[in-house]
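S.K.: Below is a structure I'd like to ask you about.
Structure below.
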């Protein structure tokens, strides 16, 4: 018993500060791996009771189905019916039902929602499973008024207290060396682990031993690997707690030990004299016990434990003694039912009678080990049971029991297999005999039939092939007949009780088999003689069918082709059809010779039938094509050929006409299209180039406009040709790339361009006259604009316009003030923010910029000309020289003239001009 250490000491290795471990854990992701593995194994240990399991803990709970099933298994209660749909809403509904059930058990779920579980959030899923483990596996643990985690820890400390090198202070590093797990197992099942051989410095061996033994003998699934625990600075607390709780529940039978101890205490109380009990009362109140009294009570406890051990070992040994002879009885039974009853009795023994005895034996060993430990700790001699009741005696008797049990089970199975073999052979004989008899029924009558005497050759051949198939079937049944005879022989050798009836049935089958063989050979000879008689005629029928079928297909294809409608669009296509038709007509003489040869074969068959008086039932078996069918189809082909000739000629004429229309349209389109393009380019050059005055350009453009308008009849003529093409359903024209749509669009663009260009020149004339711009200035503006119009689009971009202004002397740099000024100019020339500046806008801006410095003087000079060099002007003169609206505007705003030469109604145009440009307050 050197593996116990009652004076175990608390090692500093188990007392590391919790804060340090928590800080290290934040940097070590191994905790998630340990939780995932442990929680998965824990879930599967319950789900396997329902016949299922999970592989990936965050994926397999997403639909909520297995989560609900897990809760039903561990709680023993029914949850609401789950949703079976595949949509997200169904999954969320199922998970919510599971979470509601957990909450109904008094568990507060913090930050765990159904959406996170459905989305496969690993952290939330592990947190949910840990909540379930706490509630259903740890919360109900109660040890000495402590519960849940504290209760489980106290239970571990109590169970491992006698073991050296084991000091359980927590659920992480206290378990790293594996001795804690081994101590728990050894404390309850000492026969499973040799604790004395374990070493503290070999954690891998300790952990693997504990986990393997727990999985094999205690039905505790392996939730972690030794590497998971040893390889981390601090194992995950939740994973260790889950694993340890499984040990607690596996050893929950310890409650029975508790009841036994209670009984012992009761017994010791009864053994004490009343005077002793009375003497304990004052001691109990003052909480002091004398040394002698304590020793006495301990002795009474030992005695009561000894009495209990002896009283329980005797019935167990007696039960073993009675059971072994029953297990050693090998008297066989003659029927399967009797042997099955013995097997059922044995199963009842295994299922009902033996398990309580196993528990009694285990409890005896626990009591014995506990007693010996108490005696050793109190320095008392070891307890020695009476002869034949030692633990070793019980183990030896138990070993004999299990040996007898093993031998009995083997004998039962062997005997059942022997009886099964006999019953199987008899049933196999009956089945095979019944199958053979059903197969042979009517076979003799079939073999003696004369059905081939009035049959055709094809029918005879079919009958012969059928007979060959029967012969193959007969040969295949040879094995079955031999098997029937072999089974009957084996049943005789095994002394089967119904052997006489088996032998009689087997003999009948063998006699019938010999008769079937003789009849089969006789029928084959008759069939072969009949086959030779009809073979010559059949060869002629076959030759007729081989040649008639392709010829008939050729005629049907020819008729289909001759009647097939055709759609062509070009002369080439119709010429191809005509060529193919001529080639077909060239094959008709050869086809007629083939037709006559086929009919000759049929005539030869008729001659042979009439000559030899052969009984030919029916027509040619190889074809349904009669000679009359061939003649009828041939006549139809000859009738369809001229009809096809006529249709092809008509279509050829139509395609010739269509080709003329194509060429006629293409000839005009190939002239008009380039002409329109040339005119567009010429108009563009006229609007950009600076040849002559604006009036010269305007006259030139109007002459162009007139020439373009005069070209309209040619467009109308092309429209007429296009109408004819459309009526003829002509969809393409390889002679030109121009379509009528292209011509129309080009013509409309040409008219629009010439009109727009004329309008632009007219506007430039108006601007020039209104602003007083000279022709040289106009040319300079146009030259500058054209120079920076790099792409010849007739417009300037913002950067191009900026460069143009700089070339004209404007001080526009890259500073903020210059950018602001340029933005102001752009708002003037491009008020709609189109991003481009037309020449007209450029011209308006330049004319305004060049005339703003002396505008007032120019206006006064203009008014002076209108006034006939007078210093004033009258309302009549303004109305005569200016447009009405402008005249009334000036009259309303001009002040009366007050000079020495003033006349009634005279107006001061000088002050008006000065005020108009901001040089006076007038």
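In my numbering, the protein residues as written are 38 to 959. In this text, a Cβ means the ideal position worked out from N, Cα and C, and glycines have one as well. Since the model is a prediction, treat every value here as computed from it, not as a measurement.
Here's a check: name, in chain order, each residue in its chain whose Cβ is nearer than 8 Å to the Cβ of residue 758, leaving out the five neighbours to either side.
M.R.: Counting only Cβ-Cβ distances below 8 Å, and skipping sequence neighbours, we find 698, 701, 702 and 705.
S.K.: Quick one: what's residue 873 bridged to in DSSP?
M.R.: Answer is 834, bridged to residue 873.
S.K.: What do you get for residue 117, buried or exposed, if any count of 16 or more other CB atoms within 10 angstroms of its CB means buried?
M.R.: When all chains shown are included, residue 117 counts as exposed.
S.K.: Starting from the Cα of residue 140, find the closest Cα among 155, 171, 125 and 123 and give me that residue.
M.R.: Answer by Cα proximity: 171.
S.K.: With a Cβ-Cβ cutoff of 8 Å, do residue 108 and residue 119 count as a contact?
M.R.: No; because the gap between Cβ atoms is not below 8 Å, this pair is not in contact.
S.K.: Starting from the Cα of residue 577, find the closest Cα among 769, 641 and 555 and give me that residue.
M.R.: Here the closest residue by C-alpha is 641.
S.K.: Residue 484 to residue 567, Cα distance in whole Å?
M.R.: Using only the alpha carbons, I get a separation of about 16 Å.
S.K.: If the criterion is Cβ atoms closer than 8 Å, does the pair residue 268 and residue 247 meet it?
M.R.: For residue 268 and residue 247, no; Cβs fall outside 8 Å.
S.K.: Measuring only the C-alpha atoms, how far is residue 900 from residue 908?
M.R.: Between residue 900 and residue 908, the C-alpha separation is close to 9 Å.
S.K.: Under a three-way DSSP split, which group does residue 944 fall into?
M.R.: In this structure, residue 944 counts as strand in the three-state DSSP scheme.
S.K.: With H, G and I counted as helix, E and B as strand and the rest as coil, what does DSSP make of residue 646?
M.R.: Three-state result, residue 646: helix.
S.K.: Would a C-beta distance cut-off of 8 Å place residue 394 and residue 356 closer than the cut-off?
M.R.: It is a contact, given that the beta carbons lie within the stated cut-off.
S.K.: Nearest-angstrom Cα distance between residue 598 and residue 614?
M.R.: Near 11 Å, if we compare the C-alpha coordinates of residue 614 and residue 598.
S.K.: Pick helix, strand or coil for residue 602, following the three-state DSSP scheme.
M.R.: Coil.
S.K.: I need the straight-line Cα distance from residue 720 to residue 608, nearest angstrom please.
M.R.: Cα-Cα distance, rounded: 42 Å.
S.K.: Let's test the definition: count the other Cβ atoms within 10 Å of the Cβ of residue 128 and tell me whether it reaches 16, buried, or not, exposed.
M.R.: Buried.
S.K.: Within its chain, find whatever has a CB closer than 7 Å to the CB of residue 142; leave out the 5 residues flanking it on each side and keep chain order.
M.R.: Excluding sequence neighbours, residue 142 sits near 172.
S.K.: By alpha-carbon positions, which one of 159, 432 and 84 ends up nearest to residue 111?
M.R.: The candidate whose alpha carbon is nearest that of residue 111 is 84.
S.K.: Comparing alpha-carbon positions, which option in 511, 287 and 827 lies nearest residue 557?
M.R.: Considering only alpha carbons, the answer is 511.
S.K.: Would you mind giving the Cβ-Cβ distance between residue 175 and residue 105, rounded to the nearest angstrom? I have them listed as a contact below 8 Å.
M.R.: That pair is no contact at about 21 Å.
S.K.: Quick check on DSSP: helix, strand or coil for residue 144?
M.R.: In the structure shown, residue 144 sits in coil (DSSP, three-state: anything other than H, G, I, E or B).
S.K.: Answer yes or no: does any C-beta atom of chain D fall closer than 8 Å to that of residue 430?
M.R.: Among the protein chains of the structure shown there is no chain D, as only one such chain exists.
S.K.: Taking the C-alpha atoms as reference points, what is the distance between residue 64 and residue 234?
M.R.: Summary for residue 64: the model assigns pLDDT 35, below 50, so the residue's position carries little reliability; its value from the coordinates is reported in the next sentence. Their Cα atoms are separated by approximately 36 Å.
S.K.: Determine the direct distance from the alpha carbon of residue 274 to that of residue 353, and round the result to whole angstroms.
M.R.: The alpha-carbon atoms of residue 353 and residue 274 are separated by roughly 43 Å.
S.K.: Can you give me the C-alpha to C-alpha distance between residue 244 and residue 212, rounded to a whole angstrom?
M.R.: Rounded to whole angstroms, residue 244 to residue 212 spans 9 Å at the Cα level.
S.K.: Tell me the rounded alpha-carbon separation between residue 603 and residue 675.
M.R.: So the alpha carbons of these two residues sit roughly 20 Å apart.
S.K.: Whole angstroms are fine: how far does the CA of residue 932 sit from the CA of residue 917?
M.R.: Going from the Cα of residue 917 to the Cα of residue 932 covers about 19 Å.
S.K.: Who are the Cβ neighbours of residue 72 in its own chain at under 7 Å, not counting the five residues just before and after it?
M.R.: Once the five neighbours on either side are set aside, the close Cβ partners of residue 72 are 163, 273, 275 and 276.
S.K.: Report all residues from its chain with a CB closer than 6 Å to the CB of residue 260; omit the five preceding and five following residues, and keep chain order.
M.R.: Closer than 6 Å at the Cβ level, and outside the excluded window around residue 260, lie 75, 78 and 280.
S.K.: Quick check on the burial criterion: 16 or more other C-beta atoms within 10 angstroms. Buried or exposed for residue 197?
M.R.: When all chains shown are included, residue 197 counts as buried.
S.K.: If I'm right that residue 832 touches residue 881 with Cβ under 8 Å, what's the distance once you round it to whole angstroms?
M.R.: Contact flag wrong, Cβ pair sits at about 14 Å.
S.K.: Helix, strand or coil: how does DSSP classify residue 932 here?
M.R.: Residue 932: strand per DSSP, three-state reduction.
S.K.: Got a sec, what are the start and stop residues for the alpha helix (DSSP H) residue 212 sits in?
M.R.: Taken as a continuous stretch (DSSP letters only), residue 212 belongs to no alpha helix (DSSP H), as it is neither H nor E.
S.K.: Once you ignore the five residues that flank residue 360 on each side, which residues in its own chain have a CB closer than 7 Å to its CB?
M.R.: Closer than 7 Å at Cβ, skipping near neighbours: 438.
S.K.: Per the DSSP calculation, residue 241 is bridged to which residue(s)?
M.R.: BP columns for residue 241 are empty, so no partner.
S.K.: Of all the options 841, 876 and 875, which has the alpha carbon lying nearest to the alpha carbon of residue 859?
M.R.: Among 841, 876 and 875, the Cα nearest to that of residue 859 belongs to 841.
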